[in-house]
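One structure is given below, encoded as structure tokens.
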Amino acid sequence: RHVYVWALDHRVHHKFSETDADPHNAKRGFFFSHVGWLVLTPHPNVVEKRNAIDMSDLEADPIVMWQKKNFSSVENLAVSLAALGEGWHNYHHVFPWDYKTGELGNVYNPSTTFINFFAKLGWAYELKSVSKQMIARRAKKCGDGSHPQIWGYGDTDIEKEDMEELQNMAEEKGFLEKEE
1076 RHVYVWALDH RVHHKFSETD ADPHNAKRGF FFSHVGWLVL TPHPNVVEKR NAIDMSDLEA
1136 DPIVMWQKKN FSSVENLAVS LAALGEGWHN YHHVFPWDYK TGELGNVYNP STTFINFFAK
1196 LGWAYELKSV SKQMIARRAK KCGDGSHPQI WGYGDTDIEK EDMEELQNMA EEKGFLEKEE
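Just so you know, our numbering puts 1215 at position 140 of the sequence shown, and the rest follows in order with no gaps.
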């Protein structure tokens, strides 16, 4: 989340405190007001009131608008190691069905190694993963060439070739019935 959205939600919170229009309404409970509001769908009143808040001062600020336009999450090796591989979260957003949650395999991803161990025991099965070719196609399509990793894969822009690969994978694993 960029500073513009944080400021917007802060303004809505102060203008409509402890109402359904408050993004982190404490009346919805301790968990919601501290964490839940970040991960749950906002109340319709929050969305409505966000649209009514004057943000012209921030819209006139070139630094805020630059950050809003160019904001992207960053992956960090130290965070990923500390989180046992869960720090490669951008990959998860690109390919949410891939159990590995990272294109580097087991190299810096203890979670994948753990899952693979249990797969060998037969306790984890029907693991879904994407091919290296699909990863490369996605990087070529969306990447700027400056970094080997990729981000931002929306369901609406899946290439036909990638969709066919996913469909074949799902059919092979028994998640979908084969088309006649």
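All C-beta atoms in this analysis are idealised placements derived from N, C-alpha and C, irrespective of residue type, glycine included.
- With a cut-off of 8 Å on Cβ pairs, the region 1096 to 1116 is not in contact with the region 1129 to 1140, counting fewer than three such pairs.
- When C-alpha distances from residue 1202 are compared across 1189, 1210, 1213 and 1137, the shortest belongs to 1189.
- Taken through DSSP and simplified to helix, strand or coil, residue 1120 comes out as helix.
- In the structure shown, residue 1174 falls within a coil segment according to DSSP collapsed to helix, strand and coil.
- Scanning its chain for C-beta atoms nearer than 7 Å, with the 5 sequence neighbours on each side dropped, one finds around residue 1098 the residues 1084, 1087, 1088, 1112, 1117 and 1121, in chain order.
- Each residue's CA atom was taken as its position, placing residue 1171 and residue 1204 some 9 Å apart.
- Excluding five sequence positions before and after residue 1125, the CB atoms of its chain that fall closer than 7 Å to its own CB belong to 1083 and 1087, given in chain order.
- With fewer than 16 other Cβ atoms inside 10 Å of its own Cβ, residue 1092 counts as exposed.
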